[in-house]
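Trainee:
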Amino acid sequence: MKIAEFEYRLLGPLEVLLDGRPVALRAAKQRALLAALLVDANKVVATDTLIGRLWDDEPPDGARNALQNYVLRLRRTLGAPAGTPIRTRPDGYVIDVREEALDLHRFDALVARARAAAAAKATERASALLGEALALWRGEPFADVPSQRLRLEIAPALDERRLTALELRTEADFRLGRHADVLPRLSELTASHPLRERFWAQRMLALYRSGRQGEALDCYRTVSALLLDELGVDPGAELWQLHQRVLTADPSLTVSQSADGPRTQGNLPAETTTFIGRESLLRTTAKLLDNARLVTLTGPGGVGKTRLALRAAAEASWAFPHGAWLADLAPLTEPKLLDRAVADALGIPDQSSRHGTEVLVEHLRERRLLLVLDNCEHVAEEAGHLVGTLLRSAPGLRVLATSRQGLRVAGEYLLPVPPLAVPQDRGAPTALTRCEAVRLLADRAEACAPYFRITARNQEAVGRLCRRLDGIPLAIELAAVRLGTLSAEEILERLDDRFRLLSGSGARTGPRHQRTLRGVVDWSHDLCDERERSLWAGVSVFAGGFDLAAAEAVCPDEDTAREDIVDVLAALAHKSVLTVDTTGPRARYRMLETLRQYGQDRLRERGRDVALRRRHCAYYADMTARAAARWCGPDEVAWLARLRLESPNLRAALDFCVTGQGDATAGLAIAGSLTRTRYWFFSSSLGEGRHWLTRTLALTPQAPAALRTGALALAAWITLCQGDQPAAERFLADAVRLGQDSGDEAALGVLTYMDGVFAFLIHADVRAIPLLARARDGFRSAGQTGDAHMATMLWSMATSFLGERGPALAAGHEYVTEAEAHGAGWAHSWGLWGMGLAELRHGDPRHATELFRDSLRRQRAIGDRWGTVWGVEAMAWAVAATGDHGRAARLMGAAARLLRTTGVALTGLRPLHDVHAEVERVVRGALGERAYAAAFAEGEGVRDPMRLALGRSG
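Each residue of the sequence shown is one higher than the last, beginning at 318 in the numbering used here.
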């Protein structure tokens, strides 16, 4: 049974609410007694103090007995099922007020949080918190309470707190540059509080910073006259000094104090619908996040854990300079990739062979960051191990998780998320609409039933509907959709039929909230036509969202033709089964995880799950094959962005391929195609690429020789780039044996390419130049444009590092010309890098810096996390060659930071390592050890290495 909750309001006319409904306090002395107790809530108020507050200096005879009588009456007025909040103590009385149930307490807590935010340089947050605190004031306290003592002794102290909060908010707004915006407020404050010098000083400063120096000086003359006339004193030191600075146009007055320091934004999604209720739970979550390092929101599906977590994280994000980040684990099908999935959500650029957890620890160790792990229940054990490791290693990390069960980590705080508050059996429409469940129903109904209103006629049905749905947000949202075509009474009738069916079915037992949600989802499913039910089940195979083309390829059946898919998707979106995001070039559909799981259950019942997952796998195998075939073309950047968006579906397809019912050979083809499109490099997930190649290779010993040879060569390429030379040599040896035994021409072409790569990067052998040229010609003859471009890139690099001046410059020019001719954005950025390398080694270093700079700009624009590492490193080499050794040392420090954070090891890439070592030797010698170390450390500490590299000066 839900415990009745009181809410008290002192900051204005006295008000009491019980579960959101007003409690009438008609007797004047009852109001005075309640106010006298609330001023010192949760503390014993002495009997004599209460008598003084009720009767001022003229208590009646028998005042103590009269006080007891008023206490008894007030207890009856505040009577609740859980008992009265007023308790008797030997020396007086105390009113028990739960945390933040009194607006005065909430005001003080908000101001304290605002001060903390200001101290943390989260000025925007401080201003917002102060605005929230001041909004609690509804008027003059105790104006409707018959107690002169409260009005004379307590009210002024309360008003002083309000005025202090106004001063603090104005200071915060100054730091945010809102000088003109605060002028109307300050004009009102100086008029209503003419002797408060702080407001006048703030008004003068706002006027001056708004370019109104004369009016600022007029303010000083006005307040000087007021103080002299009223108090016979001159302005205080603050006002006088400010006046002098305005007179002399002190330059420091025009510069507001620094606002928030450098901060990272994070990746929390914007809200697309109104957030309703949960105020108390949000405050509890915020307080737990202040004191605990892991808070897990638990509860059944559909209760609103995710929405609460995202709102709580957004409100708490000000306290985390490195941002609040969401990692949605719902699409994750391979628990072993949990750490990689979290790293991907955090945007960590890692290309190394290190374990994903090690990468996360390295990234988080020095950061103050909030990580939201959503939908942990299906990987709860693995998530618990990962979170425990991260919390022990990164002291500035806080984790807010959602799960249907706890993660069982030491220090974890479990916060059950209950359903929304529902109305009592009866109540007026105004009281009814204060209940969270009713507010949510009305808000969501507005979108599809604009004429729906809560009236005296339907209020009882609306209240019963919310109670029948147990206040579960997802159930309420699904029911609200139907208010456009059914009345609340009609919805209730249909739900009652459904719940009676569930109650009588032994196959569908479970906790009440789970049965309620299942009943509403079943009912929503039944109200769909057959095509909608079929497509609901069909699109549940997608992970993390899908577009129209994917649904048309995967989901048609005997009930729904391909050309009808778009209309059925629209119908499901109208019924709130799907959500649609149309902000990108392609509309993107998503399904809440609870509804997706329901769809998967229906898909299995229909016996279609394996067939559709195979279609899903085939669709993404075809997509990746097309991306690889069109690599090094005008659409390559668009393909990279599309593949990145489809990451959850690609993982789901790969996971299905390595299960007993999937086709591992198809998985091998997908992993190979993604490697050929440089997807793993572009998304900084070489470790994941290696994982899928290794796993699919192990399951496909009978796959076609050309496919296996190519996959082994690609695995060798990835491990070589990770700096794992022994693994690269093992993969290459396997590829050579298989390719030579098969005699397949395509396989032999790949081996020629890899021979050239190893000769260049491992041995720095000049033989690499003709080998790579031969491989390039072979790829071109076979129509493999992307592979031919990669061979050209490495041939150009090898010629620059190992060849003579003329051929090197010619190769660099050919490389960039080829990329430009193809209209390939990513390839062109690397073509510029290759031409810059040729100029650096054999031409003009200053021209090389311009080429590297242009390459970096392009790579940053397309989100290439691999290329920027080498761009900053090469820029350091070029700057050193121009003689700017100080800047070169700073760039070497910045490059070292990038190399470390991405896990790239130069030691396994001999030509690059040798140049790096030579540049370091030259720069150290030119600067001296101490100056070099200082400049290197300065560059290593730069937050944005790209900005340093793109600048023209130090």
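Cβ coordinates follow ideal geometry from the N, Cα and C atoms, glycine included.
Keep in mind it's a predicted model, so treat the numbers as computed, not measured.
With distance defined between alpha-carbon atoms, name the residue in Leu1265, Ala1248, Arg1217, Leu1267 nearest to Pro666.
Mentor: If you number the sequence shown from 1, residue 666 lands on position 349. Per the Cα distances, Arg1217.
Trainee: Could you check what DSSP says for Ile789 in three-state terms: helix, strand or coil?
Mentor: On the sequence shown, residue 789 is found 472 positions in, with the first residue counted as 1. It is coil, neither helix nor strand.
Trainee: For a test of the three-state rule: what should DSSP assign to Ala644, helix, strand or coil?
Mentor: By one-based count along the sequence shown, residue 644 stands at place 327. Residue state for Ala644 is assigned as strand, using DSSP reduced to three classes.
Trainee: The alpha helix (DSSP H) with Ile368 in it runs from where to where?
Mentor: What you label residue 368 is simply residue 51 of the sequence shown in a count that begins at 1. Start and end: 364-372.
Trainee: Take the Cβ of Ala1206 as the centre, count every other Cβ of all protein chains shown within 10 Å, and call the residue buried at 16 or more, exposed below.
Mentor: In the sequence shown, counting from the first residue as 1, residue 1206 sits at position 889. Under this definition Ala1206 is a buried residue.
Trainee: I'd like to check one pair, Asn775 with Phe863: are the Cβ atoms closer than 8 Å?
Mentor: Along the sequence shown, read from residue 1 onward, the residue named residue 863 stands at position 546. Along the sequence shown, read from residue 1 onward, the residue named residue 775 stands at position 458. Not in contact: Phe863 and Asn775 (Cβ atoms no closer than 8 Å).
Trainee: Does the region 949-958 touch the region 1131-1148, meaning 3 or more C-beta pairs lie closer than 8 Å?
Mentor: yes
Trainee: Tell me which residue opens and which closes the alpha helix (DSSP H) that Ser541 is part of.
Mentor: On the sequence shown, position 224 is the one that residue 541 refers to. Start and end: 530-548.
Trainee: Three Cβ pairs or more, each shorter than 8 Å: is that satisfied between the region 1062-1077 and the region 1100-1118?
Mentor: Contact between the region 1062-1077 and the region 1100-1118 is present: three or more C-beta pairs spanning the two stretches fall below 8 Å.
Trainee: Could you tell me if Arg1260 is buried or exposed, where buried requires 16 or more neighbouring beta carbons within 10 angstroms of its beta carbon?
Mentor: Residue 1260 sits at position 943 when you count from the first residue of the sequence shown. Label assigned to Arg1260: exposed.
Trainee: With Gly855 as the anchor, note down where its alpha helix (DSSP H) starts and where it stops.
Mentor: Counting from 1 along the sequence shown, the entry for residue 855 is found at position 538. Element bounds for Gly855: 847-856.
Trainee: Let's test the definition: count the other Cβ atoms within 10 Å of the Cβ of Ala460 and tell me whether it reaches 16, buried, or not, exposed.
Mentor: Position 143 of the sequence shown holds residue 460. So Ala460 counts as exposed.
Trainee: May I ask you to verify whether the region 638-649 touches the region 992-1012, counting CB pairs closer than 8 Å and requiring at least 3?
Mentor: no
Trainee: Less than 8 Å between C-beta atoms, sequence neighbours within five positions excluded: which residues of the same chain meet that for Val927?
Mentor: The residue labelled residue 927 in the question sits at position 610 within the sequence shown. Answer for Val927: Gln978, listed in chain order.
Trainee: By the DSSP assignment, the alpha helix (DSSP H) with Ser1146 in it spans what residues?
Mentor: Mapped onto the sequence shown, residue 1146 falls at position 829. Counting along the chain, the alpha helix (DSSP H) containing Ser1146 begins and ends at 1142-1159.
Trainee: Indicate the three-state DSSP secondary structure (helix, strand or coil) for Asp336 in the structure shown.
Mentor: Taking the sequence shown and counting its residues from 1, the one referred to as residue 336 is at position 19. In the structure shown, Asp336 sits in coil (DSSP, three-state: anything other than H, G, I, E or B).
Trainee: Could you pull the start and end residues of the alpha helix (DSSP H) that Tyr768 belongs to?
Mentor: As a position in the sequence shown, residue 768 is number 451, starting the count at 1. No alpha helix (DSSP H) holds Tyr768; DSSP gives it neither H nor E.
Trainee: Enumerate in chain order the residues of its own chain whose CB-to-CB distance from Val388 is below 8 Å, with the five nearest sequence positions on each side excluded.
Mentor: In the sequence shown, counting from the first residue as 1, residue 388 sits at position 71. Around Val388: Leu350, Ile403, Thr405, Tyr410.
Trainee: Between which two residues does the alpha helix (DSSP H) harbouring Val897 extend?
Mentor: For the purposes of this step, residue 897 is taken as residue 580 along the sequence shown, with counting starting at 1. Counting along the chain, Val897 falls outside any alpha helix (DSSP H), though it belongs to the beta strand (DSSP E) covering 896-898.
Trainee: Locate the alpha helix (DSSP H) running through Arg326, then write down its first and last residues.
Mentor: Numbered from 1 along the sequence shown, position 9 holds the residue referred to as residue 326. Premise fails: Arg326 lies in the beta strand (DSSP E), 323-326, not in any alpha helix (DSSP H).
Trainee: Just confirm the distance between the C-beta atoms of Ala629 and Leu724, as a whole number of angstroms; I'd bet it's less than 8 Å.
Mentor: Taking the sequence shown and counting its residues from 1, one reaches residue 629 at position 312. Taking the sequence shown and counting its residues from 1, one reaches residue 724 at position 407. With 8 Å as the limit, Ala629 and Leu724 do not qualify as a contact, their Cβ atoms being about 17 Å apart.
Trainee: By alpha-carbon positions, which one of Arg1025, Ala1195, Lys604, Ser444 ends up nearest to Asp1058?
Mentor: To locate residue 1058, count along the sequence shown from 1; it is residue 741. If we check each option's Cα against that of Asp1058, Arg1025 comes out closest.
Trainee: Buried or exposed: Gly1258, going by 16 or more other Cβ atoms within 10 Å of its Cβ?
Mentor: Translated into positions along the sequence shown, residue 1258 becomes position 941. Counting Cβ neighbours within 10 Å, Gly1258 comes out exposed, since fewer than 16 surround it.
Trainee: Note down, in chain order, each residue of its chain lying with its Cβ closer than 6 Å to the Cβ of Arg1182, except the 5 sequence neighbours on either side.
Mentor: Reading the sequence shown from its first residue, position 865 is the one you call residue 1182. Excluding sequence neighbours, Arg1182 sits near Pro666, Ser1001.
Trainee: Using the rule of at least 16 other Cβ atoms within 10 Å of the residue's Cβ for burial, across every protein chain shown, is Gly744 buried or exposed?
Mentor: Reading the sequence shown from its first residue, position 427 is the one you call residue 744. With a pLDDT of only 45 at Gly744, under the threshold of 50, the placement of this residue in the model should not be trusted; the figure read from the coordinates follows. Around the beta carbon of Gly744, a 10 Å sphere encloses 16 or more other beta carbons of the protein chains shown; the residue is thus reported as buried.
Trainee: Can you tell me whether DSSP reads Val1196 as helix, strand or coil?
Mentor: For the purposes of this step, residue 1196 is taken as residue 879 along the sequence shown, with counting starting at 1. Reduced to three states, the DSSP call for Val1196 is helix.
Trainee: Where Glu375 and Pro463 are concerned, what is the direct C-alpha to C-alpha distance, given to the nearest angstrom?
Mentor: For this step, residue 375 is matched to residue 58 along the sequence shown. For this step, residue 463 is matched to residue 146 along the sequence shown. Cα to Cα, Glu375 sits roughly 13 Å from Pro463.
Trainee: Are the Cβ atoms of Leu611 and Leu708 separated by less than 8 Å?
Mentor: Against the sequence shown, residue 611 aligns to sequence position 294. Against the sequence shown, residue 708 aligns to sequence position 391. A contact, by the Cβ cut-off of 8 Å.
Trainee: Just tell me which of Leu920, Leu646, Glu953 has its CA closest to the CA of Asp874.
Mentor: Within the sequence shown, the letter at position 557 stands for residue 874. Among Leu920, Leu646, Glu953, the Cα nearest to that of Asp874 belongs to Leu920.
Trainee: Is the Cβ-Cβ distance between Ala1120 and Ala1092 less than 8 Å?
Mentor: One-based indexing of the sequence shown puts residue 1120 at position 803. One-based indexing of the sequence shown puts residue 1092 at position 775. According to the sequence provided, residue 1120 is Gly. The question's Ala does not apply to it. In this structure, Ala1092 does not lie closer than 8 Å to Gly1120 by Cβ.
Trainee: In the DSSP output, what is Val716 paired with across the bridge?
Mentor: Taking the sequence shown and counting its residues from 1, one reaches residue 716 at position 399. In the DSSP assignment, the residues bridged to Val716 are Leu611, Leu688.
Trainee: Ile882 lies in the beta strand (DSSP E); which residues open and close that run?
Mentor: Numbered from 1 along the sequence shown, position 565 holds the residue referred to as residue 882. Note, Ile882: premise wrong, no beta strand (DSSP E); alpha helix (DSSP H) at 882-891.
Trainee: Since I believe Leu493 is in contact with Leu299 (beta carbons under 8 Å), could you give me their beta-carbon distance rounded to a whole number of angstroms?
Mentor: The question about residue 299 has no answer here: the residues shown for the chain are numbered 318 through 1271.
Trainee: Sort Ala1020, Asp336, Trp454, Pro617 by Cα distance to Arg835 and report the nearest one.
Mentor: Counting from 1 along the sequence shown, the entry for residue 835 is found at position 518. Comparing Cα-Cα distances from Arg835 to each of Ala1020, Asp336, Trp454, Pro617, the minimum goes to Pro617.
Trainee: Between which residues of its own chain and Arg526 is the CB-CB distance below 6 Å, once the five residues before and five after are set aside?
Mentor: Locating residue 526 in the sequence shown gives position 209, counting from the first residue. Sequence-distant Cβ neighbours of Arg526 in its own chain, meaning closer than 6 Å and more than five residues away, are His496.
Trainee: How many whole angstroms separate the CB atoms of Glu753 and Ala738, which I take to be in contact at a CB cut-off of 8 Å?
Mentor: On the sequence shown, residue 753 is found 436 positions in, with the first residue counted as 1. On the sequence shown, residue 738 is found 421 positions in, with the first residue counted as 1. Confirmed, Cβ separation roughly 5 Å.
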